[in-house]
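2 protein chains.
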Amino acid sequence: MQKEMILEKQKQAADILKEKNIDLWLTFVRETGNIKDPMLEMIVGTNATWHSAFMITSKGERIAIVGSLEVANMESVATFPEIIGYLKSVKEDLVNTLKRLDPKTIAVNFSRNQPLADGLTHGMYLELKEILKDTPYGERLISSEEIVAALRGRKSETELELMKESIKLCLKYFDEVTKMLTPGISEKEVAEFVQKRVKEDGLELSWEAEYCPSVFTGPDTAGAHSGPTDRKIQRGHVINMDFGVKYKGYCSDLQRTWYVLRDGETEAPPEVMRGFNVIKESISLSAAQLRPGKMGWEIDEIARGYVVANGYEEYPHGTGHQVGKHTHDGGGMLGPRWDRYGNVPYLPIEKGQIYTIEPRLTIPGFGIATIEEEVVVTEDGCKFLSPRQTELYLIK
Amino acid sequence: MQKEMILEKQKQAADILKEKNIDLWLTFVRETGNIKDPMLEMIVGTNATWHSAFMITSKGERIAIVGSLEVANMESVATFPEIIGYLKSVKEDLVNTLKRLDPKTIAVNFSRNQPLADGLTHGMYLELKEILKDTPYGERLISSEEIVAALRGRKSETELELMKESIKLCLKYFDEVTKMLTPGISEKEVAEFVQKRVKEDGLELSWEAEYCPSVFTGPDTAGAHSGPTDRKIQRGHVINMDFGVKYKGYCSDLQRTWYVLRDGETEAPPEVMRGFNVIKESISLSAAQLRPGKMGWEIDEIARGYVVANGYEEYPHGTGHQVGKHTHDGGGMLGPRWDRYGNVPYLPIEKGQIYTIEPRLTIPGFGIATIEEEVVVTEDGCKFLSPRQTELYLIK
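Protein chains in written order, with this note's numbering: chain A, 1 to 396; chain B, 1 to 396.
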């Protein structure tokens with residue numbers, strides 16, 4: 001299964017190289033047990049200890065140059081038809097292979113904008129420049145970010161099915177949480193419950209266990225990207241949880257919101273309902289505009305603008321990101337035009353990409369309302385990948 | 001525990017900065033869930049999503065600049081007394097902090113020679129140069145490799161105790177393997193047995209499960225760094241296993257060799273004994289010379305030279321590496337003067353470092369003999385961290 005998916009993505013990569021008029025894509029790595037290029041899992045399928053070069057050309061050639069001790073391992077993984085092993089230095093084989101292929105442009109695994117296209121460390125960049133210094137190839141290096149963005153973003157049918165299954169599993173845990181939430185238990189206890197259940201099912205979390213799930217109860221919670229605390233759930237709290245599981249290497253990422261009824265209440269107070277509905281509506285409005293050719297910031301502006309227009313504070317993060325083998329995946333995102341997001345909010349949305357939509361607002365005195373849904377981009381719009389949260393979940 | 005160990009290493013880092021006459025050590029990262037600087041676990045203790053700068057000065061100041069959403073998380077981790085949060089761009093806070101500290105030299109997390117000091121991606125290097133372009137600081141950047149090598153290499157007392165415990169646990173699994181080895185089972189079955197036992201004990205493997213343990217039985221095995229195969233153990237095989245477990249974040253890494261007696265044999269044939277004894281002796285000879293001030297290649301040459309002088313082929317890897325939070329850790333190694341090892345065989349051996357010694361040879365017709373021991377460097381020599389393998393283990 002893993003090998004077939006790698007071959008599928010390698011073929012897609014060669015097509016993308018042709019489309020973008022790039023001759024060669026070079027992924028240059030070492031000691032990937034310590035620091036791993038995020039593309040290796042998708043296009044190689046194993047680790048490398050010594051200086052290693054993984055090459056895919058627009059003609060579909062695939063060549064791996066690895067330390068001689070790792071040739072047997074590469075052969076058993078069987079994702080590269082041509083494997084070259086070296087003993088003392090990668091230089092000669094790498095230079096000779098480049099001379100043979102003679103690429104006019106070489107996309108290399110670095111990028112200012114996209115972390116997933118930026119697996120080349122600066123030390124390895126210096127090594128590469130040194131290796132190529134007496135050749136014309138050192139001057140032909142460009143960023144591989146366009147290739148990586150397209151390859152990770154455009155999901156194959158196989159990938160889409162895995163993503164759907166991952167979301168389905170994720171929602172199962174949200175349902176279980178709805179049943180166990182009750183006043184008196186802490187954020188940490190909720191998180192421990194979820195992690196225990198995931199472990200029992202033999203699955204992995206989508207991101208670091210420290211904040212997967214994140215659980216926030218009541219007013220005055222820690223910010224997003226904080227771990228759960230000993231804060232206890234109380235009546236009158238708005239609770240929300242941010243969580244995802246991996247299924248066969250593909251991540252889900254969803255958020256849901258609950259309200260804990262106070263004595264005598266049968267529904268949430270108007271200000272809580274209003275906050276929840278603003279979130280729900282901002283997702284509907286932005287999803288309605290999400291389609292190929294739009295830029296991420298345009299979609300962000302719709303969701304963000306609606307939240308702000310309703311008198312809430314602007315949320316300090318993007319409206320959505322792509323999801324795939326990593327929770328934060330792909331190239332473009334639905335983000336605001338802030339420096340810290342570089343060029344990614346300006347990348348056009350493409351068919352086959354999967355985005356989260358996750359606006360956020362604080363309901364003063366009650367807590368944080370968020371919903372996070374996942375959508376797949378279609379020919380002329382987008383489709384939700386699971387039933388949406390349309391009602392606030394009430395805890396008695 | 002984790003926090004105390006981080007504070008201990010941060011203090012050691014400040015002392016090393018002073019010793020090396022470097023004003024500031026800057027670790028610059030982003031999206032560490034995707035690609036993680038290998039130093040974060042040791043000096044920060046959590047992840048970072050947006051452009052983040054972790055700074056330690058020779059005066060002992062520790063300043064973290066992170067995205068505003070992650071300030072609460074950094075506060076709860078509590079390893080940096082000064083935490084600065086930014087909303088849109090890291091630039092202003094980073095430049096202002098540098099102006100305030102005004103360092104003459106800034107060690108940054110990149111290195112040609114040392115992967116563990118090379119967590120800065122090339123894209124992030126370009127970002128950093130851009131951020132600093134109107135300041136004098138862009139010209140003051142040097143590699144942090146000397147700091148990282150010293151900090152990871154020189155183990156504290158606490159670290160040494162954890163390393164010893166890790167080795168003790170590791171040997172327990174070797175003992176269990178000695179009891180279960182028998183003709184007819186495959187390399188994969190041995191590996192699965194070990195992994196199952198480690199899982200039952202709630203521990204983690206020292207390196208990737210693909211080849212932890214590596215198991216090689218008989219002649220014509222795959223090379224080192226290959227995963228176990230379906231090859232079955234037979235009488236007359238030399239078997240060896242390369243394996244390690246992590247204990248509280250610290251790795252062990254050992255190898256042991258067995259021989260499967262043929263019908264009628266009560267001991268291994270002379271050529272097997274000879275191969276085993278050459279390995280054992282080459283470890284004794286090299287360990288006897290291992291002490292502060294020697295260079296790694298000098299020790300490599302002793303072990304390698306002894307194997308070659310006895311008529312065996314030269315092994316295609318270094319004689320030993322440092323061990324710590326990673327299996328391949330620290331700066332210097334006991335490696336030959338080959339291009340692929342860069343400057344690391346030339347780094348002086350220091351007190352408190354922990355090295356493996358792991359020569360290797362092929363006994364034609366029988367299999368591979370290896371022993372891997374771990375030693376800690378003392379004031380004037382080195383000490384083995386566990387009982388050595390002095391006898392070939394015989395399987396009936």
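For every residue, glycine included, the Cβ atom is placed at its ideal position computed from N, Cα and C. As the structure is a computational prediction, the values presented were derived from the model and not from experiment.
| Check | Outcome |
| --- | --- |
| Check the Cβ-Cβ distances between K36 (chain A) and every residue of chain B, and say whether any is below 8 Å. | yes |
| Measuring straight from C-alpha to C-alpha, what distance separates D201 (chain B) and L203 (chain A)? | 19 Å |
| Any idea what DSSP makes of N96 (chain A), helix, strand or coil? | helix |
| Would you mind telling me which residues of chain B sit closer than 9 Å to S76 (chain A), beta carbon to beta carbon, in chain order? | A222, S226, G227 and T229 |
| Going along the chain, which residues of its own chain have a beta-carbon closer than 6 Å to the beta-carbon of A303 (chain A), five neighbours each way excluded? | S282, S286, T319 and P359 |
| Can you find a CB in chain B that lies within less than 8 Å of the CB of E31 (chain A)? | yes |
| Using a Cβ-Cβ cutoff of 8 Å, what residues of the segment 311-330 of chain A are near chain B? List them in chain order. | P316, H317, H326, T327 and H328 |
| I'd like to know whether the C-beta of T158 (chain A) is nearer than 8 Å to at least one C-beta of chain B. | no |
| Anything in the segment 106-123 of chain B with a Cβ closer than 9 Å to a Cβ of chain A? List those residues in chain order, please. | V108, N109, F110, S111, R112, N113, Q114, P115, L116, A117, D118, G119, L120, T121, H122 and G123 |
| Measure the Cβ-Cβ separation of A149 (chain A) and G332 (chain A) and say whether it is below 8 Å. | yes |
| Within 8 Å, do at least three Cβ pairs link the segment 291-301 of chain A to the segment 7-17 of chain B? | no |
| Please check if any C-beta of chain A sits within less than 8 Å of the C-beta of S284 (chain B). | no |
| By the criterion of Cβ-Cβ separation under 8 Å, what are the contact partners of W207 (chain A) in chain B? | G33 |
| For the segment 278-326 of chain A, which segments carrying the beta strand (DSSP E) assignment without a break, of at least 3 residues, lie completely within its bounds, in sequence order? | 320-322 |
| Name the DSSP bridge partner or partners of N432 (chain B)? | Lying outside 1 to 396, the shown extent of chain B, residue 432 (chain B) is not represented and no answer is given. |
| Between which two residues does the beta strand (DSSP E) holding Y247 (chain A) run? | V245 to Y247 |
| Can you find a C-beta in chain A that's less than 8 Å from the C-beta of Y250 (chain B)? | no |
| Give me the chain A residues within the contact set of T356 (chain B), using Cβ-Cβ distance strictly less than 8 Å, ordered along the chain. | What T356 (chain B) touches in chain A: nothing, since even the nearest Cβ is about 14 Å away. |
| Contact check, G324 (chain A) vs N73 (chain B) under 8 Å by CB: the rounded distance? | With 8 Å as the limit, G324 (chain A) and N73 (chain B) do not qualify as a contact, their Cβ atoms being about 24 Å apart. |
| Hey, V215 (chain B) and M180 (chain B): beta-carbon distance below 8 Å or not? | no |
| Comparing C-alpha positions only, which one of A:T135, A:Y315 and A:G184 sits nearest to I363 (chain A)? | A:Y315 |
| For the candidate residues B:G367, B:E313 and B:K188, whose alpha-carbon lies nearest to that of Y259 (chain B)? | B:G367 |
| Taking Cβ-Cβ distances shorter than 7 Å, what residues in chain A pair up with T46 (chain B)? | E210 |
| Of all the CB atoms in chain A, is at least one closer than 8 Å to the CB of R340 (chain B)? | yes |
| With a threshold of 16 other CB atoms inside 10 Å of the CB of Q353 (chain A), please say whether the residue is buried or exposed. | buried |
| At a CB-CB cut-off below 9 Å, which residues of chain B make contact with V90 (chain A)? | D339 and R340 |
| What residues from the segment 127-151 of chain A come within 7 Å of chain B, judged by C-beta to C-beta, listed N to C? | E127 |
| Leaving out five residues on either side along the sequence, give the residues of the same chain with a beta carbon under 6 Å from the beta carbon of Y341 (chain B). | G335 |
| How would you label A268 (chain B), buried or exposed, when you count the other beta carbons within 10 angstroms and need 16 or more for buried? | buried |
| Y211 (chain A) to V29 (chain B), Cα distance in whole Å? | 19 Å |
| Can you check whether the C-beta of H51 (chain A) is within less than 8 Å of a C-beta belonging to chain B? | yes |
| Answer yes if the segment 82-90 of chain B comes into contact with the segment 48-67 of chain B, meaning at least three C-beta pairs across the two stretches below 8 Å, and no otherwise. | yes |
| Is it the case that the Cβ atoms of L94 (chain A) and H317 (chain B) are separated by a distance below 8 Å? | no |
| Given this structure, state the Cα-to-Cα distance separating E75 (chain B) from V376 (chain A), to the nearest angstrom. | 37 Å |
| Would you kindly work out how many angstroms separate the C-alpha atoms of V344 (chain B) and D253 (chain B), rounded to a whole number? | 20 Å |
| The alpha helix (DSSP H) with C476 (chain A) in it runs from where to where? | Not covered by the structure: residue 476 (chain A). The range shown for chain A is 1 to 396. |
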